[in-house]
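Chains as they are written, first to last, in this note's numbering: chain H, 1 to 383; chain G, 384 to 678; chain V, 679 to 1045.
Where a beta carbon is used, it is the ideal one built from N, C-alpha and C, also for glycine.
Let me begin by presenting the structure, written as structure tokens, before commenting on it.
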Amino acid sequence: MADVTLRGVARRFGGRTALDGVDLDISDGEFFCVLGPPSSGKSTLLRTIVGLEPPDEGTVSIGGRDVTDLAPAARDIAIVFQNLALYPDKTVYDNLAFPLRQRKDRPGRDEERRRVEQAARTLGIEKLLSRRPAQLSGGERQRVAIGRALVRTPRVFLFDEPLSALDALLRIRMRAELKHLQRELGRTLVYVTNDQVEAMSMADRVCVLESGRVLQVAPPRVVYDRPASTYVSRIVGTPPMNLLPIEIRVVDGELRLQAPGFSLAGPPGPALEGVVNAQGQRLVLGARPEDISIVPPARSLPTARVVAVEPLGGEVVVDVEFDGRIVKAIEPPGTAVAPDDLVGLQIDLSRVHVFVEDGEALYHAAGRSDLTLVEDVGVGSPR
Amino acid sequence: MSALAKRRAGVILRLGAVAATLVVFLFPVYWLVTMAFKPQQEWAPTEGQIFWLPHDWTFGNFRRIFGGSATGDSGLSFLISTPIDALTPILNSLVASVGGTALALVIGTSTAYGISRFGAGGKVLPFQILQLRMFPPIAIIIPVLFLWTYLKLFDTLPGLVIIYAAITFPFVVWLMRSFFDEVPREIREAAIVDGCSELGAFRKAVLPLVRGGLATTALFVFILNWSDFLIALVLTSQRVHTAPVFLSQIQSAATGQEYGSQAALGLILIIPPVLLSILIQRHLVRGLTFGAVKR
Amino acid sequence: MARIELNGLSKRFGDVTAVERLDLVIEDGTFTALLGPSGCGKTTTMNMIAGLETPSEGELRFDGSDVTRLPAGERNVGFVFQSYAIFTHLSAFENIAFGLRVRDVPSDEIVEEVHNVARLLQLGGVLERSVKELSVNDLQKVAIGRSMVVKPDIFLLDEPFSNLDAAFRTYMRAELKRLQRELGQTMVYVTHDQVEAMSMAERIAIMNNGELQQYGSPDEVYNAPVNRFVAEFVGSLTMNFLPARIGAVDGRPAVLLAGAPGAAIELPAVQMAGGPDGALTFGIRPEHVEVVDATTGRHDLRGEVRLIEPLGPRTVVHVGDGERELRVVVRPSDEPRIGDCVGVRFERSRIHLFDDATGRTLGGDHG
């Protein structure tokens, strides 16, 4: 068993808090992604697990055993660094064999060769064994770095943004390869990245980290469909989720969500209870760009002015100005709108979210149609 | 002027500048080499005649500095006061320079690694080490003389080795530190995660990457030590005189400065640094860390 | 404002050819992207337009007049660098004013011009601050403002957003596009990121190995790539490529996918060439493949679901069949499960065929 457990892990550098009481339970065999912006503490988290960075507080356990005070080599973990850190003076073979040669139970020559070759075959680099890192392409170096982790079959793999320097095409390819590899090996893999696409596409579970704090841990789909806070809602998904300020009140036993150009109504039942209880706080309505459709302007719909059209081939991102802010919508290719056009916005109400402004989520429609558009409420009419 | 003529004029100017520079730098070498093979009567211009090349080539100067007679067996030996032998000073120089270099490298490299990787000494120590270098040797040499006398290190080879190492130590630290700074931190960390001890990571993963820097530093330090005059002059007496000090003292009652013999010894003194630089030339290449990380 | 004309422009560094006989016309007032992988010659091309590199061959014209040998300072070109060259000892205001100061513009005029630029860039609040206190995206705006204030005829930007994080980048993309529309300046934007090029530019010049591959609108390069390189480089989900050959089904010409029984796709009677025995490469974007029930017979290929990559609004499904693997886009609600046996069907009008030897698109535009 190689589950990784962190309890109350904290780490400070001088006055700066890198990790602030992190609790994590990473299951055996899981592909676990830590997603966060630069300097959110995600690299420190990884270095704490591997043992290069002792925590100021808290404990790290692997397979049920407390390893907080154990040296890195004794933890049976391999790490692939962001900059790979290959040994440039050694051949690919020696790079791969290096970890084997440092062990107390160092294998014999034949066994060493067998294991190096097996790792090389898995990664498709068996023809490169006699080369040096400088003679390899970016993707090949990447594979060597992974191979060096693979060769001693550790219980846990750690990856620190290993794909960040690769070009776009290679990245897409390596993403799928890594995922395949992890499934074949069936070992715990902790992967740190600031690229939400990587996290979404590879992870079994995603942990969103910000300023050293865990904001949400959940499968990618859940993080995307039910983000725990506005912060999470904007870190996953490109373009990020649109957030519109709303006011709420209860009218005739019905909950009203008043946005600048339109108004929503819903029964104040259990689903919307959190929203009802938040009366008096500043709230925002969240809608993902793909849940907003650009339609011809109609009286019943909020109206907006097109600001920019970004064709991306497979889809078009349309920026519209609505109530003085930019709202982004994803439309099918060939959408015929141009800057300065007036358009109607149709929001898929079964997919909206309500958050406390800069705060936690209160409601996810998640496919339910609790909310309906109220026509002509008389306040803040469409401009 | 046409564009072609302009370009040609540019080329000629550039060649002229290169030639002038070469003359300035190569003239002393030329003079040293020819002087080493000139007999005594050609050392200085006689009757307005300058000897650009030796008229009568001779190995007499070389014989003279290794205890022989400048003119062979016949005549004129009365001109030479006492026989001299440069072999011991040359050996002294070799031992002191090599020893001092090795000692400075061992201590300096370890210090530099500590500073570069672990921030040893904080912000102040590295600068203090550099400050050591700011004292001109002449300013500290007299106190050191007293110290060395007291410690019985005066006029001994260990005394020379230690002072050479001490003087070049800051230089080693600063050079090696910048080489270590260029090695990605993750190289050490990768080695440690791979199962190395701290020392093992240094020896097996990091040190091989600064081989070029180490060789370069060694060469510089060796040359500094090898060409030292001042320290050896003050801290040694007859017993462990080094070659440069010895060179300055080659003179005879009859002829005053013996230019020819001095040139001959000078020529010999050029050999070790040249040999050393050829030996380690292949390590002097930079960019050895290329391929360690992706950029 | 200016129309830029590159006629047979080449640049060699020793034996290395960075740009090879480039012909390109950038119309006045357009937003054009130079797109390509690193080392494709796009930055060299931009440096030649700016006057930072002298072409080895060919000529460069601005509005018809030859500027090939004109020094950079006399071209009236604004340049925004990848590492925004900002003076950290000056305030945001002084950074923007710098170009005017060195041109000895009177003080009151400088104040007015800088404030104009700041308004356009929505930098109003931070003008008096030291640039050390600015956020990354304000810094980027200051860098743009600096070259804007001198009112260049041509605006050149060299990957200015590569240091920004994803959210700011998306925001700056829209900002820059708005700015260009308001100023109406000729803007040339160098990038290796096809999303940036597609979303901002009116015209995209795609380069590889120093040669121009295709020059067209975002729609053209996406829908009608002229060769396999362009097809692979453009589009955020890389195109699928499968070995195939020309054959016949019931006497009608068709494309047969290698090694797949029954995988024959009839195409309208287009001129198709191909290598020996009609070998060619079949290409289709993941978004133009549909997952269908494997039992209905509507499918072109059948395979097992090997990998699922949820991307949020859509999910990429890897469907494998032997050696081959196809990537297919589905809606999150239609996600199959790993191990499922599914059929895939290609949208006929979206199929691309490429010559194996030259990589060129065969049979013209199928779209």
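query                                                                                                                               : result
Inter-stretch contact at 8 angstroms, needing at least 3 Cβ pairs: the stretch 998-1006 of chain V / the stretch 960-974 of chain V : yes
Residues within the stretch 174-187 of chain H neighbouring chain V, beta-carbon criterion of under 9 angstroms                     : R175, A176, K179, H180 and R183
Outcome for V:P988 when other beta-carbon atoms lying within 10 angstroms are tallied against a minimum of 16                       : buried
Best match in G:F420, G:L658 and G:V589 for proximity to G:E565 [C-alpha to C-alpha]                                                : G:V589
Per-residue burial, G:S460 [other beta carbons within 10 Å of its own, 16 or more giving buried]                                    : Low confidence applies to G:S460: its pLDDT is 47, below 50, so where it sits in the model is not reliable, and the reading given next is rough at best. Exposed, since its Cβ has fewer than 16 Cβ neighbours within 10 Å.
Proximity of V:M878 and V:F833 at Cβ, strictly below 8 angstroms                                                                    : no
Assigned exposure category for H:F98 - 16 Cβ within 10 Å defines buried                                                             : buried
Simplified DSSP state of G:I661, which is helix, strand or coil                                                                     : helix
Same chain, Cβ closer than 6 angstroms to V:A947, neighbours up to 5 away in sequence not counted                                   : With a pLDDT of only 48 at V:A947, under the threshold of 50, the placement of this residue in the model should not be trusted, and no figure is reported.
In DSSP terms, what G:E572 is bridged to                                                                                            : Per DSSP, none; premise fails for G:E572.
Any chain H beta carbon closer than 8 angstroms to V:D1043                                                                          : Residue placement at V:D1043 is poorly supported in this model, since its pLDDT is 45, which falls under 50; the coordinates still yield a value, given next. No - not a single Cβ of chain H is within 8 angstroms of the one on V:D1043.
Chain-ordered chain H contacts of G:D577 [CB-CB under 7 angstroms]                                                                  : F98, P99 and Q102
Beta strand (DSSP E) segments (min. 3 residues) lying fully within the stretch 563-633 of chain G                                   : none
Assigned exposure category for V:M917 - 16 Cβ within 10 Å defines buried                                                            : buried
Minimum Cβ-Cβ distance from H:R342 to chain V less than 8 angstroms                                                                 : The amino acid at residue 342 of chain H is misidentified as Arg; the sequence shows Leu. Output row for H:L342: interface = no.
Counted within 10 angstroms of its Cβ, other Cβ atoms place V:E722 as buried (16 or more) or exposed                                : It should be pointed out that residue 722 of chain V corresponds to Thr in this sequence rather than to Glu. It counts as buried.
Residue from V:I962, V:R984 and V:P991 with nearest C-alpha to V:D978                                                               : V:I962
Whole-angstrom distance between V:G756 and V:P830, CA atom to CA atom                                                               : 5 angstroms
Three-state secondary structure assigned by DSSP to G:L477                                                                          : helix
Straight-line Cα distance separating V:E880 from V:T708                                                                             : 7 angstroms
Beta carbon of H:T188 nearer than 8 angstroms to that of H:D28                                                                      : yes
Simplified DSSP assignment, three categories, for G:H438                                                                            : coil
Stretch pair the stretch 619-631 of chain G + the stretch 465-477 of chain G: three plus CB contacts closer than 8 angstroms        : yes
Cα-Cα separation, V:E772 to V:S808                                                                                                  : 9 angstroms
CA-to-CA distance, V:A728 to V:P896, given in whole angstroms                                                                       : 25 angstroms
Contacting residues, own chain, Cβ-Cβ under 7 angstroms from V:L730 (five flanking each side not counted)                           : A750
Top-ranked residue by Cα proximity to V:G862, from V:D744, V:L798, V:V933 and V:T993                                                : V:L798
Test: H:S201 CB closer than 8 angstroms to a CB of chain V                                                                          : yes
Any chain G beta carbon closer than 8 angstroms to H:D89                                                                            : yes
Chain V residues whose Cβ lies nearer than 7 angstroms to that of H:A308                                                            : A852, K855 and R856
H:R288 and V:P991 closer than 8 angstroms at C-beta                                                                                 : yes
Beta-carbon proximity of V:A902 to V:A922, cut-off 8 angstroms                                                                      : no
Any chain H beta carbon closer than 8 angstroms to V:G894                                                                           : no
Where G:V556 sits in the DSSP three-state scheme                                                                                    : helix
Per-residue burial, H:N277 [other beta carbons within 10 Å of its own, 16 or more giving buried]                                    : exposed
Endpoints, alpha helix (DSSP H) assigned at V:E860                                                                                  : A844 to L861
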